[in-house]
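**Q**
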Amino acid sequence: MLAIFHNLLLTRKLLTLNIICERYKMAVPKRRQSKSRSRKRRSHDALTAPVYTSCTNCGSLSRPHSVCSACGTYKGVQILKVKEKKK
Ligand SMILES: [Zn+2]
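29 is the number of the first residue of the sequence shown in this note's numbering; add one for each residue after it.
#1: Write down the C-beta distance between T82 and A98 rounded to the nearest angstrom, noting that I regard them as a contact closer than 8 angstroms.
#2: Which same chain residues end up closer than 8 angstroms to G104 when comparing Cβ atoms and leaving out the 5 residues on each side of it in sequence?
#3: Just mark S94 as buried or exposed, buried being the case when its beta carbon has 16 or more other beta carbons within 10 Å.
#4: On the premise that R91 lies in contact with Y80, defined as a C-beta separation below 8 angstroms, what is that separation, rounded to the nearest angstrom?
#5: With DSSP as the reference, label T76 as helix, strand or coil.
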């Protein structure tokens, strides 16, 4: 009895999917996807934190190989004119 209940819990997702598919005349998956298959697919989904380097001119954090957003310089050369903040 417990095994049947457990099996029902396992296939519940697929059953609800089948009901939705029948309603909208969609293709129905034959078997539920294994944990291994789902986890293999999601192995590439991890996010990485963005890298920041300190600006050589003003010291504020900015993305590498890009113009500093705080002072507008790149490798010590002024690239952009930065507006001063109004007080
Ligand atoms: Zn800077």
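Glycine residues also receive a C-beta, built at the ideal position from the N, C-alpha and C atoms.
**A** On the basis of the coordinates in this document:
#1: Reading off the sequence, residue 82 comes out as Ser, not Thr. Incorrect: roughly 11 angstroms between the Cβ atoms, too far for contact.
#2: By the criterion of a C-beta distance shorter than 8 angstroms, G104 is surrounded in its chain by T84 and N85, once the five residues flanking it on both sides are discounted.
#3: It is exposed - the Cβ of S94 has fewer than 16 other Cβ atoms within 10 Å.
#4: With a Cβ gap of about 6 angstroms, Y80 and R91 count as contacting.
#5: The DSSP-derived three-state label of T76 is coil.
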